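Working notes, structure below.
Numbering (our numbering), first residue to last: 8 to 103.
Written out as structure tokens, the structure is:
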């Protein structure tokens with residue numbers, strides 16, 4: 008089971024990474040904090056201090072088109088905010 012699905016790269020999470028050493032990841036819905044901590048430490052070689060998780064609900068949308076009313080929704084997912092030890096960082100942009 009792959010715990011980490013992808014990193015979250017937004018302005019807010021990037022600013023948190025620069026100021027507070029916090030990085031965001033989309034993770035498996037069934038993963039707990041201990042599994043997430045071990046997966047991040049193994050994948051990026053950093054020491055994790057704290058893990059916060061949240062379940063993001065799906066957004067529902069309604070569009071009015073020529074062909075009629077179209078309803079849809081986005082997928083739900085689990086998000087993890089990981090704080091690494093002071094002085095360490097995770098570089099998502101390196102080509103290693």
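All C-beta atoms in this analysis are idealised placements derived from N, C-alpha and C, irrespective of residue type, glycine included.
Note that this is a predicted model, so its numbers are computed, not measured.
Item                                                                                                                                                       : Value
Pick out the complete beta strand (DSSP E) segments inside the stretch 35–64, 3 residues or longer, and give them in chain order.                          : 55–63
Thinking C-beta only, is residue 85 closer than 8 Å to residue 68?                                                                                         : no
Looking only at its own chain, which residues have a Cβ that is under 6 Å from the Cβ of residue 46, when we skip the five neighbours before and after it? : 10, 11
What span of residues does the beta strand (DSSP E) with residue 73 cover, start to end?                                                                   : Element bounds for residue 73: n/a, residue is neither H nor E.
What are the residues that DSSP puts in a beta bridge with residue 91?                                                                                     : 55
Does residue 24 pass the burial test, meaning 16 or more other C-beta atoms within 10 Å, or should it be called exposed?                                   : buried
Let me check understanding here. Comparing Cα to Cα, which of 93, 89, 96 lies closest to residue 34?                                                       : 89
Quick one: Cα of residue 27 to Cα of residue 78, how far?                                                                                                  : 39 Å
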